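Chains as they are written, first to last, in the working numbering: chain A, 1 to 134; chain B, 135 to 467.
These notes concern the structure reproduced below.
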Amino acid sequence: MTNHLQKEVKRETGEGTDLWRVILAPTIWAVHFLVCYVGAAIYCEKAGRMADLLPVRLIVGTATFIALAGLAAVFISLWKVRGLSSVNDDYNYAGNTPEERHRFLSHVALMLCVLSGVAILYAAFPALVLEVCR
Amino acid sequence: MHDTKPEITISFGPCLPIAAMGLLLSGCVGRQSALAPAGHDAEQISNLFWVMTAGASIIWALVLGTALAATLGLFKNPTRLTPNILIVGGGVVFPTVILGILLIFGLRLLPNWQSEPDRLQIHVHGEQWWWRVVYRAPDQIEPVISANEIHLPAGQAVEFVLTSADVIHSFWIPSIGGKLDMIPGRTTRLLLEATRPGVYRGVCAEYCGTSHAKMAFAVVVHEPKDFNAWLEDRTSDPNIGTDDPGRKIFLSSGCAACHRIRGLTEIGSVGPDLSHIGSRRTIGAGIAENTPKNLARWITDPAHMKPAVQMPAYRALPPEDIAAIARFLSNLN
Ligand SMILES: [Cu+2]
Numbered sequence: 001m002t003n004h005l006q007k008e009v010k011r012e013t014g015e016g017t018d019l020w021r022v023i024l025a026p027t028i029w030a031v032h033f034l035v036c037y038v039g040a041a042i043y044c045e046k047a048g049r050m051a052d053l054l055p056v057r058l059i060v061g062t063a064t065f066i067a068l069a070g071l072a073a074v075f076i077s078l079w080k081v082r083g084l085s086s087v088n089d090d091y092n093y094a095g096n097t098p099e100e101r102h103r104f105l106s107h108v109a110l111m112l113c114v115l116s117g118v119a120i121l122y123a124a125f126p127a128l129v130l131e132v133c134r
Numbered sequence: 135m136h137d138t139k140p141e142i143t144i145s146f147g148p149c150l151p152i153a154a155m156g157l158l159l160s161g162c163v164g165r166q167s168a169l170a171p172a173g174h175d176a177e178q179i180s181n182l183f184w185v186m187t188a189g190a191s192i193i194w195a196l197v198l199g200t201a202l203a204a205t206l207g208l209f210k211n212p213t214r215l216t217p218n219i220l221i222v223g224g225g226v227v228f229p230t231v232i233l234g235i236l237l238i239f240g241l242r243l244l245p246n247w248q249s250e251p252d253r254l255q256i257h258v259h260g261e262q263w264w265w266r267v268v269y270r271a272p273d274q275i276e277p278v279i280s281a282n283e284i285h286l287p288a289g290q291a292v293e294f295v296l297t298s299a300d301v302i303h304s305f306w307i308p309s310i311g312g313k314l315d316m317i318p319g320r321t322t323r324l325l326l327e328a329t330r331p332g333v334y335r336g337v338c339a340e341y342c343g344t345s346h347a348k349m350a351f352a353v354v355v356h357e358p359k360d361f362n363a364w365l366e367d368r369t370s371d372p373n374i375g376t377d378d379p380g381r382k383i384f385l386s387s388g389c390a391a392c393h394r395i396r397g398l399t400e401i402g403s404v405g406p407d408l409s410h411i412g413s414r415r416t417i418g419a420g421i422a423e424n425t426p427k428n429l430a431r432w433i434t435d436p437a438h439m440k441p442a443v444q445m446p447a448y449r450a451l452p453p454e455d456i457a458a459i460a461r462f463l464s465n466l467n
């Protein structure tokens with residue numbers, strides 16, 4: 001066991017609890033969501049029930065593009081941590097070392113990244129279909 | 135204990151699903167079923183239901199099959215990758231794709247509100263525990279006021295303009311389409327197209343107080359020309375027997391403070407319009423058949439038929455008077 005733990009630490013995937021990185025992807029999701037929904041609400045309130053949704057669709061499209069680009073950057077940086085730790089016993093976090101915490105949180109962040117990507121796409125779908133404010 | 139009555143335990147088993155099926159299927163026919171569609175939207179909903187039921191059954195079988203296979207050890211020589219493929223494929227990719235398809239499919243079912251042609255509008259105002267109904271046809275100067283019964287032309291899209299007086303109600307005619315909330319302070323709009331003439335039943339689908347379960351209405355779908363004739367007829371006064379004794383008692387008992395009868399008394403608006411009440415199928419918002427006897431029961435003590443109702447009881451009136459009012463109302467059409 002001791003042996004095994006030492007081996008883990010030697011992999012040097014980095015350290016730190018890095019909570020910011022964990023919430024980065026969900027934050028991008030939240031901001032995208034707000035931009036889309038608040039944007040549409042304000043626009044439609046001002047423009048009226050029968051107004052063409054095109055400006056909103058453009059906003060949603062742009063926001064989605066930026067958000068997905070941001071997520072891709074986060075994803076790549078997290079994937080690197082994973083690459084460094086891609087050996088057997090990857091999911092062994094029993095040692096409670098800073099290195100393991102870092103690896104674990106990066107893994108969590110990576111999963112959240114995927115979830116946020118799916119959520120952003122789903123939130124953007126209606127912009128493909130809806131044509132007027134109503 | 136365990137081996138004294140084994141047969142009983144076993145013999146009940148097969149009956150339960152059959153009984154349950156019977157109960158379930160009995161809901162699939164008749165005047166108030168989303169699975170016996172008589173409208174464009176209801177058809178879509180019913181199709182969606184069957185597609186999703188089939189899809190869900192397949193997924194259920196797959197998941198349980200996999201679990202069973204794993205339990206029985208049918209996966210021979212799993213590699214390190216097998217669980218990863220199952221988790222990422224079955225847990226992430228598969229649901230994401232399926233839900234994405236369902237989302238787009240659902241969004242495409244949204245009604246097309248883009249064009250706004252002149253069409254029949256029916257304003258329905260939910261109130262504890264009944265419905266105000268006002269018809270506004272494009273070529274009609276004066277709106278037609280009614281209550282607790284809705285008439286529709288088959289094959290024509292009708293726009294329902296929904297509002298509420300007090301709490302959130304929900305307007306739902308299962309046989310014809312989906313439901314939509316009626317929210318105080320807001321106007322919601324629903325586009326429905328009935329396809330099959332007949333008599334259906336609508337309900338309030340959002341708990342709205344004591345008599346929520348007694349807040350329903352009859353829906354009559356006509357052929358378009360019959361509908362136009364019906365609407366035309368409603369733009370004129372009902373036949374009111376001038377020497378009907380019930381008419382005098384109706385006026386002297388204060389009913390007119392709350393009820394309007396076209397051509398007789400037009401001040402009351404607290405309760406349902408009674409102009410053509412004689413022609414309605416039900417009374418009390420769909421809770422009883424419209425017969426003179428039920429009308430008399432209602433007037434004597436409406437709270438007996440509908441708890442917490444917002445109409446006073448008239449137990450103090452002599453039964454003959456009540457019967458006379460009931461007869462008078464039955465003839466209004
Ligand atoms: Cu209600």
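The beta-carbon is built from N, C-alpha and C at its ideal position, and this holds for glycine as well.
Here the structure is a predicted model, which means the values were calculated and not measured.
Distance CB(residue i)-CB(residue j) smaller than 8 Å
i       : j       : result
R270(B) : P277(B) : yes
V121(B) : P331(B) : Outside the modelled stretch of chain B, which goes from 135 to 467, sits residue 121(B), for which no answer is possible.
T376(B) : L385(B) : no
V436(B) : W264(B) : Just to set this straight, residue 436(B) is Pro in the shown sequence, not Val. No, the pair does not count as a contact, with Cβ atoms beyond the cut-off.
V129(A) : T230(B) : no
T64(A)  : I120(A) : yes
A40(A)  : V56(A)  : yes
R414(B) : E283(B) : yes
G70(A)  : I42(A)  : no
V132(A) : M50(A)  : yes
D175(B) : L326(B) : yes
I421(B) : A339(B) : no
H32(A)  : A67(A)  : yes
C342(B) : V301(B) : yes
L244(B) : F361(B) : no
R253(B) : A288(B) : no
Residue i, DSSP secondary structure in three states
i       : result
M439(B) : helix
H102(A) : helix
D52(A)  : strand
T230(B) : helix
M186(B) : helix
E400(B) : coil
K43(A)  : The sequence shown places Tyr at residue 43(A), not Lys. Here Y43(A) sits in helix by DSSP.
T64(A)  : helix
R102(B) : With chain B covering only 135 through 467, there is no way to say anything about residue 102(B).
L241(B) : helix
F33(A)  : helix
F125(A) : helix
W264(B) : strand
H303(B) : strand
Chain B residues whose Cβ lies nearer than 7 Å to that of residue i
i       : result
V118(A) : T230
Within chain A, the residues that residue i reaches when beta carbons sit closer than 9 Å
i       : result
L236(B) : None at all; the shortest Cβ gap to chain A is about 11 Å.
Other residues of its chain near residue i: CB distance less than 8 Å, five sequence neighbours each side excluded
i       : result
I401(B) : A390, A391, R394
L198(B) : none
R449(B) : T434, D435
T321(B) : V295, L296, T297
Q274(B) : L365, T369
6 Å Cβ shell around residue i - same chain, five flanking residues per side excluded
i       : result
G397(B) : D371
L110(A) : L78
N465(B) : G412
D378(B) : F462
L19(A)  : none
D455(B) : I383
G311(B) : G173, D175, A176, L326
Residues near residue i in its chain [Cβ-Cβ closer than 7 Å; skip 5 each side]
i       : result
Q255(B) : R270, E293, V295
I417(B) : N424, N428, L429, W432
P26(A)  : L112, S116
R165(B) : S309, V333, Y334, R335
G161(B) : For G161(B), the pLDDT reaches just 49, beneath the cut-off of 50, and the residue's location in the model is therefore unreliable, although a value from the coordinates is still provided. Cβ within range, chain order: S167.
Proximal residues of chain B, C-beta to C-beta of residue i below 8 Å
i       : result
Y122(A) : L233, G234, L237
V114(A) : V226
For residue j and residue i, believed in contact at Cβ under 8 Å, the rounded distance
i       : j       : result
A442(B) : T329(B) : Rounded, the Cβ-Cβ distance is 37 Å, inconsistent with contact.
I383(B) : A447(B) : Between A447(B) and I383(B) the Cβ distance is about 16 Å, and since that is not below 8 Å, they are no contact.
Y334(B) : A172(B) : 6 Å
H126(A) : L241(B) : Contrary to the premise, residue 126(A) reads as Pro rather than His in this sequence. Contact holds; Cβ gap of about 6 Å.
Proximal chain A residues relative to residue i, where beta-carbon distance stays under 8 Å
i       : result
R242(B) : V129
V295(B) : Neighbours of V295(B) on chain A: none; closest Cβ ~12 Å, over 8 Å.
Chain-ordered chain B contacts of residue i [CB-CB under 9 Å]
i       : result
F125(A) : G234, L237, I238, L241
Short CB-CB distance (under 8 Å) between residue i and chain C
i       : result
A123(A) : The displayed structure is made up of protein chains A and B, and chain C is not among them.
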